[in-house]
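Undergrad: Residues in the sequence shown are numbered from 1 upward in steps of one, following full-length UniProt numbering.
By construction, the Cβ of each residue, glycine as well, lies at the ideal position given by its N, Cα and C atoms.
Treat the numbers as computed from the prediction; the structure is a model and nothing was measured.
Before I ask anything, here is the structure I am working with.
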Amino acid sequence: MENTDPCRHLLKDVKRIIIKVGTAVVTRQDGRLAVGELGALCEQIKELNSLGYEIILVSSGAVGLGRQRLRYRKLINSSFADLQKPQVELDGKACAAVGQNSLMALYDVLFSQLDVTSAQLLVTDNDFRDKDFRMQLSETMKSLLALKVIPIFNENDAVSTRKAPYEDSSGIFWDDDSLSALLALELKADLLILLSDVEGLYSGPPSDPRSKLIHTYIKEKHQSEITFGDKSRVGRGGMTAKVKASIHAAEAGIPVIITSGYAAENIIKVLQGQRIGTLFHKDAHKWAPVKEVDAREMAVAARDCSRRLQALSSEERKQILLKIADALEAHQNEIRIENEADVADAKEAGYEKSLVARLVLKNEKLASLANNIRIIANMEDPIGRVLKRTELAEGLILEKTSSSLGVLLIVFESRRDVLVQIASLAIRSGNGLLLKGGKEAKRSNAILHKVITEAIPEIVGSKLIGLVTSRAEIPELLKLDDVIDLVIPRGSNKLVTQIKSSTKIPVLGHADGICHVYVDKSADLEMARRIVLDAKIDYPAGCNAMEALLVHKDLVEKGWLNSIIIDLRTEGVTLYGGPKASPLLNIPMARMLHHEYNSLACTVEIVDDVYAAIDHINLYGSAHTDSVVAEDHEVANVFLRQVDSAAVFHNASTRFSDGARFGLGAEVGISTSRIHARGPVGVDGLLTTRWILKGSGQIVDGDKAVNYSHRDLSI
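Set out below in C-alpha cells:
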C-alpha cells in the first residue's frame, strides 16, 4: 500500500497492544454512551483478537457516565422546591462507582455479541507501589491473554485516595492516559494506541485551519512549536495528557500512536502501516529529513509565486512558456533516459500493456508537447480579459473580467504528458500548481519538473510548480481548502471517486471514459468502418477511445455488423456482447454495460433505432464523448440534442475529444461535471471571474444618490 509511513515498518512485529479509549470517544455530547462508537471499537478488537494479537483495553468514561445517571436520579427524586435551590456538584467518587458498573455492563454485552470474553480490572496508583501486586498483575494478564480474554482497565476512582481526581497529578499515574503508559511498560506491550476525538496531534488547536497534523512527533522539533487548545470537553487531560504519556512510553522503547477513535477501522489501519495519526518513537529524531517541506508550506509557496506570475505582463508570461518549450527540446536525451528507466521498471513489475503504453515518452511526443506549449504561449492573454461591460450609472462603469483561479492540485496516474500540459496551461492562466504523479512515472515526472522549473525566472520563483513525491501527502493537501482552489484528478475511476469523497475543495474531472459510437442504418458504411476502427484502435488506453459500439438492427441483415466484427478482430480487439448481440454473434456476454476497458476490447450491442441508442448511452455511458455515424440529418440532430454528454459528435471519431485537437493547445483533463467547465478543459477552464467597478466618487445613500442606467457597453 503506497499510503504508508516509512517509519512504521517498525510495527510489523507487534503482538501485545494496549488501546486506551478516551471519554470523548465513548460518550456523546449529552454524557450518554456512544454505543455506535463502542460497538465499532469492539468489532475491531474482536478482529485483532482473532488474528492473534493480544489486546488490553484501558477505558475512560465511567465518571462522566455516572454523573449523567446520578443527575437523572437526583432530578426525579427532587421536589420543585429542591430544584429552586443552588445545585451542588455531584461527588466524583460516587459518579465513578455508578458509572463503572454501567460501562462494564455495556462492554460485556457488546463483546458477548461478538463471542468474546472481557474482564474488568480496577486499579489505583497505590497498587503499583506494591511489588507483589505488580507481579500478580503480570501473571493474571498472562492467563487472561492466553485464553483470548480482553482485559479492561480503569482507575478505581471510587476508592482512590487522590484528593481531587480531576486535578491532582501526583503519584505513579494521574489519569487513564498515564495509566495506559504505565501498563504498557509494566506488561511489556509492543504498541500503545491512544484513541482521541481528533485525528492526532496538531501543531495548534485542531479547529484552527492553520494547524497541521504532525505525523511523527520529534521532541526536539515539536516540543516548542505546539500550541495546545482547550482540554477535552470531558475527561481529565485532553491532548496535553496524551502527549505527556506518549513521550513517557516512547522514551522507554514502546511506540505510541495517537489517532481518532471515530474513524472507521483506524486501529486496523495503524497495524497495516498506514499513515494514521501521530507516531511517537524513541528513534523519531533519526528519521527527520534535513529540510522538511510540508503540504501547507508547498501550497502557500505556490500561491505566493502565482501572485507574482499574475503581476507579470502577458509578454513576460509568454516568454516563460517559450523558454520551457526550448528547454524540453534541449533536454530530450535526459528526459528519454529517465522515461525509459520508468518503462523498464513498469514492464518488470508486470504492469498491464495499456498502462505501460501511457508511460512511453518518445522524441516525437516531446516535440509535439513543445509545439503545443508554443501554441499556448501565442494565445491571446487569458488574464484580465473584459467579458462584459456595463454602465451602472453616469460615470460608474462595471467590468466583468477573467481572473486566475489561484492554486491547482493535479493528481494523476501513469500519464506521459500530463505534467507538461498542465504546467504550461497553469503558467498561461497565472495559476500555481501542485502535481502528484503515479509512482510508476516517478523518474519521468522528476526530470520534467526539473526542466520546467529551471526555466521559470527568479522573479516568479520555481516553487510556482510543486512536485509532491509521497502519496501520503495527498490527504493533507486535500484538507487545504483555504489555499488550494481546484483539484483535478487524472486517472482511474477509483482515484477520482476517492478524491471526490475526501475533500471540500472543488473537483474537476471524470471518473470513467465510456465512449459510444452509434452506427445508424443511414450511415455511409465505409465511413462508419473507418470511424469505428479509429475510435477503438488509434489509442485504446485513452479516455476518449470507443468502449461500446451500438449498431442499428437493419445493419445486421445487411451484413455490415459481421464485417466490422471481422475487422475489429483482425486488429486484435476482444469483443463482448450486450443481451442482443452476444447470442447472435456468439461472443461472450459483457460483464456489465457500464464498463471502461482501456485496452483492445469493447462491447457490441444491437439497437432498434436512434432513440434506443440514446437511451442506452444515457443509461450506461459516462457523459464523456459519444458519436453518431449517420447520413440522415434528422437522426443526427436528434442524437446531438438528446445525448447528455460533455462532447457529442456527428460523423467523427471519439478520439477528437482532446484539448490539443480542439485547438486549446493542451488540456488539464476532460470534465463530465456540469459546473464550471465541461469537456476538454484548456486555459479557460482554469479561470474564474471577478468584478471591477470604476467610479468617480459615487455613493449609495439608500439608492437616492444614484440614477441607475444599467446600460450594456461595447467591450
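Pick from SER314, GLN332 and LEU366: whose alpha carbon is nearest that of ALA377?
TA: Here residue 377 corresponds to residue number 377 of the sequence shown, with the count starting at 1. Cα-wise, what sits closest to ALA377 is SER314.
Undergrad: What's the call for ASN544, buried or exposed, on a 16-neighbour Cβ count within 10 Å?
TA: By one-based count along the sequence shown, residue 544 stands at place 544. Its Cβ being crowded by 16 or more others within 10 Å, ASN544 is buried.
Undergrad: Can you pull the DSSP bridge partners for LYS553?
TA: One-based indexing of the sequence shown puts residue 553 at position 553. None; LYS553 has no bridge partner.
Undergrad: Hey, which unbroken runs of the beta strand (DSSP E) at 3 residues or more fall wholly within the region 471 to 541?
TA: 486 to 490 and 515 to 519
Undergrad: Leaving aside the five residues before and after HIS624 along the sequence, list all residues of the same chain whose C-beta is less than 8 Å from its C-beta, in chain order.
TA: In the sequence shown, the residue the question calls residue 624 occupies position 624. Excluding sequence neighbours, HIS624 sits near HIS510, ASP512, GLY513, ILE514, CYS515, CYS543, ASN544, SER645, ALA646, ALA647, SER657, ILE670 and THR672.
Undergrad: Quick one: is SER138 buried, meaning 16 or more other Cβ sit within 10 Å of its Cβ, or exposed?
TA: Along the sequence shown, one-based indexing puts residue 138 at 138. Looking at its Cβ environment, which holds fewer than 16 other Cβ atoms inside 10 Å, SER138 is exposed.
Undergrad: Which of the three DSSP states, helix, strand or coil, is assigned to PHE649?
TA: For the purposes of this step, residue 649 is identified with residue 649 of the sequence shown, where counting begins at 1. Three-state DSSP puts PHE649 in a strand.
Undergrad: Can you tell me whether TYR611 is buried or exposed, with buried defined as 16 or more other CB within 10 angstroms of its CB?
TA: For the purposes of this step, residue 611 is identified with residue 611 of the sequence shown, where counting begins at 1. Result: exposed.
Undergrad: Hey, VAL109 and ASN49 are a contact pair by Cβ (cut 8 Å); roughly how many whole angstroms apart?
TA: Start at 1 with the first residue of the sequence shown, and residue 109 comes out as number 109. Start at 1 with the first residue of the sequence shown, and residue 49 comes out as number 49. Between ASN49 and VAL109 the Cβ distance is about 17 Å, and since that is not below 8 Å, they are no contact.
Undergrad: Select from SER501, ASP190, LEU693 and SER599 the residue whose C-alpha is nearest the C-alpha of HIS281.
TA: Residue 281 sits at position 281 when you count from the first residue of the sequence shown. Among SER501, ASP190, LEU693 and SER599, the Cα nearest to that of HIS281 belongs to ASP190.
Undergrad: Over the uninterrupted beta strand (DSSP E) stretch that includes TYR576, give me the two end residues.
TA: Within the sequence shown, the letter at position 576 stands for residue 576. 574 to 577 is the span of the beta strand (DSSP E), which, as asked, contains TYR576.
Undergrad: Give the secondary structure of ASP701 by DSSP, where H, G and I count as helix, E and B as strand, and everything else as coil.
TA: Mapped onto the sequence shown, residue 701 falls at position 701. When secondary structure is reduced to three states using DSSP, ASP701 falls in the helix class.
Undergrad: Spatial neighbours of MET1 within its chain, please: CB distance less than 6 Å, with the 5 preceding and 5 following residues excluded, ordered by chain position.
TA: Counting from 1 along the sequence shown, the entry for residue 1 is found at position 1. Residue placement at MET1 cannot be trusted, given a pLDDT of 35 that sits under 50; what the coordinates show is reported in the next sentence. Answer for MET1: no residue qualifies.
Undergrad: For TRP691, which residues does DSSP report across the bridge?
TA: Taking the first residue of the sequence shown as 1, we reach residue 691 at position 691. The partner list for TRP691 (beta bridge, DSSP) reads LYS400.
Undergrad: Considering only residues of the same chain and omitting the five flanking positions on each side of ASN562, which have a CB-CB separation below 7 Å?
TA: As a working mapping, residue 562 is identified with position 562 in the sequence shown. Result list for ASN562: empty, nothing under 7 Å.
Undergrad: Enumerate in chain order the residues of its own chain whose CB-to-CB distance from GLN332 is below 7 Å, with the five nearest sequence positions on each side excluded.
TA: Taking the first residue of the sequence shown as 1, we reach residue 332 at position 332. Within its own chain, the residues whose Cβ lies closer than 7 Å to the Cβ of GLN332, once the five positions on either side in sequence are excluded, are ASN363 and LEU366, listed in chain order.
Undergrad: In angstroms with no decimal places, state the Cα-to-Cα distance between ARG711 and ASP381.
TA: Looking up residue 711 in the sequence shown gives position 711. Looking up residue 381 in the sequence shown gives position 381. Spanning the two alpha carbons is a distance of roughly 27 Å.
Undergrad: How would you write the range of the alpha helix (DSSP H) that VAL629 sits in, first residue to last?
TA: Position 629 of the sequence shown, counted from the first residue, corresponds to residue 629. Run containing VAL629: none in the alpha helix (DSSP H); it sits in the beta strand (DSSP E), 625 to 629.
Undergrad: What span of residues does the beta strand (DSSP E) with VAL58 cover, start to end?
TA: Numbered from 1 along the sequence shown, position 58 holds the residue referred to as residue 58. Where VAL58 is concerned, the enclosing beta strand (DSSP E) stretches over 54 to 59.
Undergrad: Over the uninterrupted alpha helix (DSSP H) stretch that includes GLN136, give me the two end residues.
TA: Counted from its first residue, the sequence shown places residue 136 at position 136. Looking at the DSSP string, the run of the alpha helix (DSSP H) that includes GLN136 is 131 to 146.
Undergrad: Just grab the DSSP bridge partners of GLU667 for me.
TA: Translated into the one-based positions of the sequence shown, residue 667 becomes position 667. In the DSSP output, where bridge partners are listed per residue, GLU667 has none listed.
Undergrad: Applying the 10 Å Cβ sphere with the 16-neighbour rule, what's the burial state of ARG154?
TA: Looking up residue 154 in the sequence shown gives position 154. At residue 154 the sequence reads Asn, which differs from the Arg that was named. That one is buried.
Undergrad: At 4 residues or longer, and completely inside the region 383 to 456: list those alpha helix (DSSP H) runs for me, N to C.
TA: At a cut-off of 4 residues, the continuous stretches assigned as alpha helix (DSSP H) that sit fully inside the region 383 to 456 are 418 to 428 and 442 to 454.
Undergrad: Using the Cα positions of GLY384 and LEU693, report the straight-line distance between them to the nearest angstrom.
TA: As a position in the sequence shown, residue 384 is number 384, starting the count at 1. As a position in the sequence shown, residue 693 is number 693, starting the count at 1. If you take the alpha carbons of GLY384 and LEU693, they lie about 14 Å apart.
Undergrad: Taking the alpha helix (DSSP H) that THR23 falls in, what are its first and last residues?
TA: Here residue 23 corresponds to residue number 23 of the sequence shown, with the count starting at 1. Where THR23 is concerned, the enclosing alpha helix (DSSP H) stretches over 23 to 26.
Undergrad: In terms of residues, what are the limits of the alpha helix (DSSP H) holding residue 731?
TA: Because the chain in this structure spans residues 1 to 715, residue 731 falls outside the shown range and cannot be described.
Undergrad: Going by DSSP in three states, MET546 sits in which element: helix, strand or coil?
TA: Taking the first residue of the sequence shown as 1, we reach residue 546 at position 546. DSSP places MET546 in strand when its eight states are reduced to three.
Undergrad: CA-CA distance, ILE614 and SER627?
TA: The residue labelled residue 614 in the question sits at position 614 within the sequence shown. The residue labelled residue 627 in the question sits at position 627 within the sequence shown. Rounded to whole angstroms, the gap between the alpha carbons of ILE614 and SER627 is 11 Å.
Undergrad: If we call anything under 7 Å between Cβ atoms a contact, is LYS347 one with VAL356?
TA: For the purposes of this step, residue 347 is taken as the residue at position 347 of the sequence shown. For the purposes of this step, residue 356 is taken as the residue at position 356 of the sequence shown. Yes. Within cutoff.
Undergrad: Can you list, in chain order, the residues of its chain whose CB lies under 7 Å from that of LEU423, leaving out five sequence neighbours each side?
TA: Your numbering for residue 423 matches position 423 in the sequence shown. The residue asked about is misnamed: residue 423 is Ala in this sequence, not Leu. If we look at ALA423 and ignore the five residues flanking it on each side, its Cβ neighbours are LEU433, ILE452 and ILE465.
Undergrad: By Cβ distance below 8 Å, which residues in the same chain neighbour SER696 in space, the five residues on each side in sequence not counted?
TA: Position 696 of the sequence shown, counted from the start, is the residue given in the question as residue 696. Around SER696, the same chain offers GLY395 and LEU396 as residues with beta carbons nearer than 8 Å, after the five sequence neighbours per side are excluded.
Undergrad: Would you check if there are 3 or more beta carbon pairs closer than 8 Å linking the region 559 to 577 to the region 480 to 495?
TA: Too few Cβ pairs lie closer than 8 Å, so no.
Undergrad: I believe VAL407 touches PRO489 by the beta-carbon criterion, under 8 Å. Please report the beta-carbon distance rounded to the nearest angstrom.
TA: Indexing the sequence shown from 1 puts residue 407 at position 407. Indexing the sequence shown from 1 puts residue 489 at position 489. In this structure VAL407 is not in contact with PRO489, their Cβ atoms being roughly 16 Å apart against a cut-off of 8 Å.
Undergrad: Express the C-alpha separation of ALA393 and residue 771 in angstroms, rounding to a whole number.
TA: Outside the shown range of the chain, which is 1 to 715, sits residue 771, and nothing can be said about it.
Undergrad: For GLY64 versus THR23, is the C-beta spacing smaller than 7 Å?
TA: As a working note, residue 64 is residue 64 in the sequence shown. As a working note, residue 23 is residue 23 in the sequence shown. It is a contact, given that the beta carbons lie within the stated cut-off.
Undergrad: DSSP state of TYR597, grouped into three classes?
TA: The residue you call residue 597 lines up with position 597 of the sequence shown. The answer is coil: DSSP assigns TYR597 none of H, G, I, E or B.
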